[in-house]
Amino acid sequence: MHLVYLTFLLVTIGCMMLCDWRWKLAFFLDARRATLLTVSVVALFLLWDAAGIATGTFFRGDSPFMTGIELAPEMPVEEPIFLFFLTYLTMNLTSGTRKVVRP
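For the sequence shown, my numbering gives the first residue as 15, with consecutive numbering after it.
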């Protein structure tokens, strides 16, 4: 049970990669630009998480679906992967919307 969340994250990222490849939405459209954007946004989100953890606002919680591995206190290994997922999803959705609205 402890790999369920990580597995779902990786599978959905894989599905987004297939959509990206098929319709050239983010990394398959401009890999350099998508990488710069992803690294920047994920880094900002991680800083936000660190601030929330430092103030006691954010905490890991207890879930049997997570690996239990922490990168830092209260920072599960799944967190940067989830943040990448959010960023990639947003890039795919905005790029896809642009393609539909402005063909």
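Heads up, the beta-carbon is just placed ideally off N, CA and C, and yes, glycines get one too.
Rounded separation between Val-56 and Met-89 - CA only: Val-56 and Met-89 have their C-alpha atoms spaced approximately 14 Å apart.
Leu-39, buried or exposed, once every other Cβ within 10 Å from all chains shown has been counted against 16: Buried, by the Cβ-count rule.
Nearest candidate by alpha-carbon position, reference Leu-17, set Val-53, Ile-83, Tyr-102 and Gly-110: The candidate whose alpha carbon is nearest that of Leu-17 is Ile-83.
Boundaries of the beta strand (DSSP E) in which Glu-88 is found, first to last residue: Element bounds for Glu-88: n/a, residue is neither H nor E.
Reduced DSSP category for Ala-45 - H, G, I as helix; E, B as strand; rest coil: Ala-45 carries a helical assignment under DSSP once its states are collapsed to helix, strand and coil.
Rounded C-alpha distance that separates Asn-106 from Met-30: Taking the straight line joining both Cα atoms gives about 8 Å.
Closest by C-alpha distance to Cys-33, when choosing among Thr-49, Val-114, Val-115 and Gly-110: Cα-wise, what sits closest to Cys-33 is Gly-110.
Contact set for Leu-97: own chain, Cβ-Cβ below 6 Å, skip 5 residues either direction: Excluding sequence positions up to five before and after Leu-97, its CB lies within less than 6 Å of the CB of Val-56 and Phe-59, all in the same chain and listed in chain order.
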